[in-house]
Amino acid sequence: MSRRAAGLRAWLLQRISAVYLALYVVYFLLASPAAGGAAAWRAWLGSPWPLLAMALFFLALSIHAWVGVRDVIIDYVHPAGLRLLLLCGLGVVLLGSLLWALLALAEVA
Numbered sequence: 265m266s267r268r269a270a271g272l273r274a275w276l277l278q279r280i281s282a283v284y285l286a287l288y289v290v291y292f293l294l295a296s297p298a299a300g301g302a303a304a305w306r307a308w309l310g311s312p313w314p315l316l317a318m319a320l321f322f323l324a325l326s327i328h329a330w331v332g333v334r335d336v337i338i339d340y341v342h343p344a345g346l347r348l349l350l351l352c353g354l355g356v357v358l359l360g361s362l363l364w365a366l367l368a369l370a371e372v373a
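Start counting at 1 in the sequence shown, then tack on 264, and there's your number in my numbering.
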């Protein structure tokens, strides 16, 4: 893949994930239970559509963070070894966070 195509793909992923994140926040504010405690939240997330929407939210959040922070690291960290270390660390943190969030959602479901 050329650099130009990789840049376009990153740009597109950033925009698509941003749109989904914004739409999900609106959906979340309108559809989530305002009161009722943990039982209401469990019941709401027990339905398949809110659960899927929240899982996609965490996936989009991880993609959005990866593209944004990756670009900052690539642009501003010049030593190749340090850049590789930071990118690997970022990948581990984001992947771990995504898996943790999905496991937490699976526990509720």
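Even for Gly, the Cβ is constructed at its ideal location relative to N, Cα and C. Note that the structure is a prediction, hence the values are computed from the model and not measured.
Any idea what DSSP makes of residue i, helix, strand or coil?
| i | result |
| --- | --- |
| G300 | coil |
| V341 | coil |
| A269 | helix |
| A307 | helix |
| A370 | helix |
Exposed or buried, residue i, counting other C-beta atoms within 10 Å across all chains shown (16 or more means buried)?
| i | result |
| --- | --- |
| W275 | exposed |
| F292 | exposed |
| L316 | exposed |
| P314 | buried |
| L309 | buried |
Among the candidates the options, whose CA atom is the shortest distance from the CA of residue i?
| i | options | result |
| --- | --- | --- |
| A282 | G301, I327 and S266 | I327 |
| L362 | P312, L294, L323 and Y288 | L323 |
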